[in-house]
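Step one of this worksheet: look at the structure below.
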Amino acid sequence: MAAFVSQSAFDFSVRLPTHSVAVKPGQPVSVPIMVENLKGTPRPIALTASDWQSMGLTAAITQPTLQSGMITQLQVTVPPGTPPGSYLFTVRGDAAGTYKTSNDTLTVTVLPDGEQQGDDSGSGDTGRADPGGGGVPAVAAPPARAKRAVFGGVARKAPARPMSPAQRGLFIVAVFAMTGLLIWAFVNIFTGLSGGSLGGGGGATAGTYTGTSTFCINSVMGNPPECGTSSCTLAIDAAGNVTTPGVTGGGLTGKISGSSFSGQASANGSTFPMTGTFSDGTLTAGYDGTSVTWTIRVSR
Numbered sequence: 166m167a168a169f170v171s172q173s174a175f176d177f178s179v180r181l182p183t184h185s186v187a188v189k190p191g192q193p194v195s196v197p198i199m200v201e202n203l204k205g206t207p208r209p210i211a212l213t214a215s216d217w218q219s220m221g222l223t224a225a226i227t228q229p230t231l232q233s234g235m236i237t238q239l240q241v242t243v244p245p246g247t248p249p250g251s252y253l254f255t256v257r258g259d260a261a262g263t264y265k266t267s268n269d270t271l272t273v274t275v276l277p278d279g280e281q282q283g284d285d286s287g288s289g290d291t292g293r294a295d296p297g298g299g300g301v302p303a304v305a306a307p308p309a310r311a312k313r314a315v316f317g318g319v320a321r322k323a324p325a326r327p328m329s330p331a332q333r334g335l336f337i338v339a340v341f342a343m344t345g346l347l348i349w350a351f352v353n354i355f356t357g358l359s360g361g362s363l364g365g366g367g368g369a370t371a372g373t374y375t376g377t378s379t380f381c382i383n384s385v386m387g388n389p390p391e392c393g394t395s396s397c398t399l400a401i402d403a404a405g406n407v408t409t410p411g412v413t414g415g416g417l418t419g420k421i422s423g424s425s426f427s428g429q430a431s432a433n434g435s436t437f438p439m440t441g442t443f444s445d446g447t448l449t450a451g452y453d454g455t456s457v458t459w460t461i462r463v464s465r
C-alpha cells in the first residue's frame with residue numbers, strides 16, 4: 166500500500182489542451198493529456214477515461230500510469246457508421262496514497278458522412294430540375310433551341326466593323342498583360358516544383374540543417390514557463406520533405422511548400438502539429454498551445 170501523503174504536501178492537475186474536436190465516422194482522434202505537477206515531489210498518477218461502448222466509441226490512454234509533470238495521449242476510436250452527434254469523454258487522474266483527484270473533458274462531435282451527402286445531393290438535383298416528372302431531357306431541350314435561334318440571328322447581321330486604332334491599341338496592351346501574367350505564373354509554379362532559391366526565401370534546397378529545439382511547459386499558476394533547449398539536426402531534400410536523421414519515433418517531420426512549412430513534432434509519445442516558415446535558408450517551426458510551447462529553428 167502506498168504511503169499516505171498530506172493534502173498540503175502534493176497536488177497535481179489533469180488537463181486537455183483541446184476540449185472539442187469534430188471528425189467524420191471512421192476517423193481517429195488523438196488529444197494530448199497534460200498531467201501537471203502543481204506542488205510537491207512528482208508522484209505516479211493513474212489515468213482512466215470514460216467511453217461510449219454502447220455506440221461503438223472507445224477511448225484508450227497511451228500511458229495510463231505516469232509521473233505528474235509528464236504528457237500522454239488520449240486515443241478515441243470512432244468506427245464507421247457512428248451516428249452523428251456529440252459524445253463527452255472524461256479523463257480522470259488519481260494519485261496513490263492521497264485523496265487527490267483531477268479530471269478534464271473532451272467533446273467529440275461526429276459529423277455526417279460527407280461522401281454520402283454528396284451522393285444524395287446529386288440525385289436530388291435531378292428531381293428538382295424537373296418537378297413535373299419529365300426528366301432531364303425536357304429541361305435540356307429549350308437551351309438547345311435557343312442556341313440555334315441565336316446562331317440564326319447572327320447569320321443575318323451585317324459583317325462586323327474593323328477595330329479602330331484605339332481598340333487595336335487596347336487589344337495589344339491586353340495581350341501583353343496576359344502574356345506577362347502567364348509567364349509570371351509559370352515561373353512561380355516551376356520554381357516551387359524545382360526547389361526555388363534560398364535568396365528568394367521560397368522552395369527548399371537539399372542538405373543538412375542545424376539549430377536549436379526549445380520545449381516549454383507553461384505554468385497554470387501564472388509562473389514563467391519551464392523551458393529546455395537542445396541541439397537539433399534536420400534533413401531537407403529538394404522536394405521540401407523534412408526529416409530528423411537518426412531519430413526514431415520523435416523529432417520533426419513535414420513538408421516545405423514555397424515559403425511555408427507544415428508538419429508535426431513528436432516527443433515522449435506525444436505529437437504536436439507544427440507550422441512555420443522557410444526563408445533565406447532558415448526553417449522556423451513552432452507549436453503554441455495552452456500547456457506546451459515548442460519552437461524549432463535551424464539554418465543551412
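Counting from 166, one number per residue, gives the positions in the sequence shown under this note's numbering. Backbone N, C-alpha and C fix where the C-beta goes; we use that ideal spot for every residue, glycine too. Just so you know, these numbers come straight off a predicted model, no measurement behind them.
Asked, Found
"Okay, do the segment 418-427 and the segment 183-201 touch, 3+ Cβ pairs below 8 Å being the bar?", "no"
"Just curious, the beta strand (DSSP E) that K189 is in, first and last residue?", "Looking at the DSSP string, K189 is not in any beta strand (DSSP E), and its letter there is neither H nor E."
"Below 8 Å on the Cβ atoms is my guess for F254 versus V273; work out the distance and round it to an integer in Å.", "7 Å"
"S329 by DSSP, collapsed to three states: which one?", "coil"
"Please report the residue range of the beta strand (DSSP E) in which D259 lies.", "250-260"
"Between the alpha carbons of I210 and L271, how many angstroms are there, rounded?", "19 Å"
"With distances taken between CB atoms, is the gap from P207 to G234 smaller than 7 Å?", "yes"
"Can you look up T127 in the DSSP assignment and give me helix, strand or coil?", "There is simply no residue 127 to check, as the chain begins at 166 and stops at 465 in what is shown."
"Return the first residue and the last residue of the beta strand (DSSP E) that Q238 is part of.", "235-242"
"Which of helix, strand or coil does DSSP assign to A314?", "Caution applies to A314, whose pLDDT of 39 falls short of 50 and renders its modelled position unreliable; the value that the coordinates give is listed next. In this structure, A314 counts as helix in the three-state DSSP scheme."
"Tell me whether the beta-carbon of G376 lies closer than 7 Å to the beta-carbon of R462.", "yes"
"Can you tell me whether K204 is buried or exposed? The criterion is at least 16 other CB atoms within 10 Å of its CB, across all chains shown.", "exposed"
"Taking the DSSP output, what are the residues bridged to G393?", "F380"
"Do A403 and P410 have their CB atoms nearer than 7 Å?", "no"
"Tell me the DSSP secondary structure of F336 in three-state form.", "helix"
"My output table needs one value for G345: the three-state DSSP class, helix, strand or coil.", "helix"
"When the Cα atoms are used, what is the spatial distance from D445 to A225?", "43 Å"
"Out of L448, V340, M328, S195, which one is the CA nearest neighbour of N406?", "L448"
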